[in-house]
Amino acid sequence: MAIGATIHTFDMQLADTDRGVYEDYSLRVARHPSETDAYMLTRLLAYGLEFAEGIAFSEGLSSTEEPAVVVRDLTGRITAWIEVGAPDAERLHYGSRLAERTVVYTHRDPVKVMAPWAGKRIHRAEHIRVFSFDAGFIDQAVPLLERRNTVTMTVAERVLYLDLNGTTLTTAVHEHELG
């Protein structure tokens, strides 16, 4: 019998002064058995950093037709394709053709994540952005995860202040261009 997803709950407070977004919300995040805690946390951070009306988690690792996080307008059209980790060039090409905006949030070394994309056909590659965090940031945050979590995310001048279950961590949010 296959092991099911583990559900994590996050009570979130978001204050993104860079974009003027201030929200309180609660999320139930299903972590697939093959998904690492680092990937799940990066997915959560991407959700907060990209928060907009119509944002949602996709089916996760089991979905090949959608990214980890997606933003849809009221008609159901995808406006933002948000990948997490190290997607392949084909996924980026596909996502960039469907959405106005395509981004990647990675918990890995961005140079190593982007290297396999060199020379590959990626639609509007020059508009795709890759975001990463300071080395060790995700590794410091992962042990703080619990099944039920209280999170405050504050963003100011592309610096993320993350309070996760009473422990505060800080990182710059680094932006990398493909094209």
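Quick note, the working numbering runs 1 ahead of the 1-based positions in the sequence shown.
Glycine included, every Cβ here is placed at the ideal spot set by N, Cα and C.
This structure is a prediction, so every number in the text was calculated from the model and none was measured.
1) Is there contact here, the segment 3-16 with the segment 96-111, by at least three beta-carbon pairs under 8 Å?
2) Does the segment 137-154 come within contact of the segment 118-128, defined as at least 3 CB pairs closer than 8 Å?
3) Count Cβ pairs between the segment 152-170 and the segment 63-79 that sit closer than 8 Å; are there 3 or more?
4) Return the first residue and the last residue of the alpha helix (DSSP H) that isoleucine 139 is part of.
5) Report yes if the C-beta distance between histidine 177 and valine 131 is below 7 Å; otherwise report no.
6) Bridge partners for arginine 29 per DSSP, in chain order?
7) Residues in its own chain within less than 7 Å of methionine 115 by CB, not counting five upstream and five downstream?
Here's the rundown:
1) No: the two stretches stay apart, fewer than three of their Cβ pairs being nearer than 8 Å.
2) Cβ pair count under 8 Å is below three, so no.
3) Fewer than three beta-carbon pairs drawn from the segment 152-170 and the segment 63-79 are found closer than 8 Å, and the two stretches are therefore not classed as touching.
4) Counting from 1 along the sequence shown, the entry for residue 139 is found at position 138. Looking at the DSSP string, the run of the alpha helix (DSSP H) that includes isoleucine 139 is 138-142.
5) Here residue 177 is taken as the residue at index 176 of the sequence shown, counted from 1. Here residue 131 is taken as the residue at index 130 of the sequence shown, counted from 1. Yes, these two residues count as a Cβ contact at 7 Å.
6) Translated into positions along the sequence shown, residue 29 becomes position 28. In the DSSP assignment, the residues bridged to arginine 29 are Thr10.
7) Against the sequence shown, residue 115 aligns to sequence position 114. So the qualifying residues of the chain are Val131, His177, Leu179.
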